[in-house]
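If you want it as structure tokens, here you go:
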């Protein structure tokens with residue numbers, strides 16, 4: 003998981019409510035900025051910086067972590083109804099993790115992916131014929 007994916011995951015974990023009918027105390031608990039602060043603290047650790055340099059050839063400037071922390075702190079200053087609306091809008095704007103396909107589309111996609119992994123004799127029946 004690279005820095006951007008980790009940052010998105012931390013943002014989603016800290017800011018997304020588990021259900022639309024949460025109480026204000028549950029919202030306050032879900033909007034804990036501790037995860038964002040921890041992610042920012044880890045971003046400046048030598049381990050993370052060396053890892054980013056090794057993987058990407060440059061050090062992480064941690065701007066994404068700062069933005070996530072400031073965004074979380076900014077949400078804490080708003081009314082709970084506004085926070086709920088903002089979080090719901092973000093949830094709707096996020097792309098779904100799975101690509102939804104019909105059965106036919108899924109079958110075609112599966113065969114295209116698996117065809118290269120199987121030996122030819124499985125996907126070309128004429129190769130089973132023996133010469134007499």
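Residue numbers (the working numbering): 3 to 134. Where is the CB? At the ideal position from N, CA and C, for every residue including glycine.
7 Å Cβ cutoff met for residue i and residue j
i, j, result
"residue 1", "residue 35", "Here the chain covers residues 3 to 134 and nothing more, so residue 1 does not appear."
"residue 51", "residue 61", "yes"
"residue 33", "residue 75", "no"
Coil, strand or helix - residue i by DSSP
i, result
"residue 99", "coil"
"residue 56", "helix"
"residue 120", "coil"
"residue 36", "helix"
"residue 62", "coil"
"residue 80", "coil"
"residue 47", "coil"
Whole-number beta carbon distance between residue j and residue i, since they are thought to touch under 8 Å
i, j, result
"residue 67", "residue 41", "5 Å"
Close-in-space but distant-in-sequence residues of the same chain around residue i (CB under 8 Å, 5 per side omitted)
i, result
"residue 88", "77 and 80"
Own chain partners of residue i with C-beta closer than 7 Å, once the 5 adjacent residues on each side are dropped
i, result
"residue 71", "35, 38, 39 and 42"
"residue 73", "none"
Proximity test, Cβ basis, 7 Å: residue i and chain D
i, result
"residue 112", "In the displayed structure, chain D is absent; only one protein chain is listed."
Residues of its chain near residue i, where Cβ-Cβ distance is below 6 Å and the 5 sequence neighbours each way are ignored
i, result
"residue 2", "Residue 2 is absent from the model: the chain starts at 3 and stops at 134."
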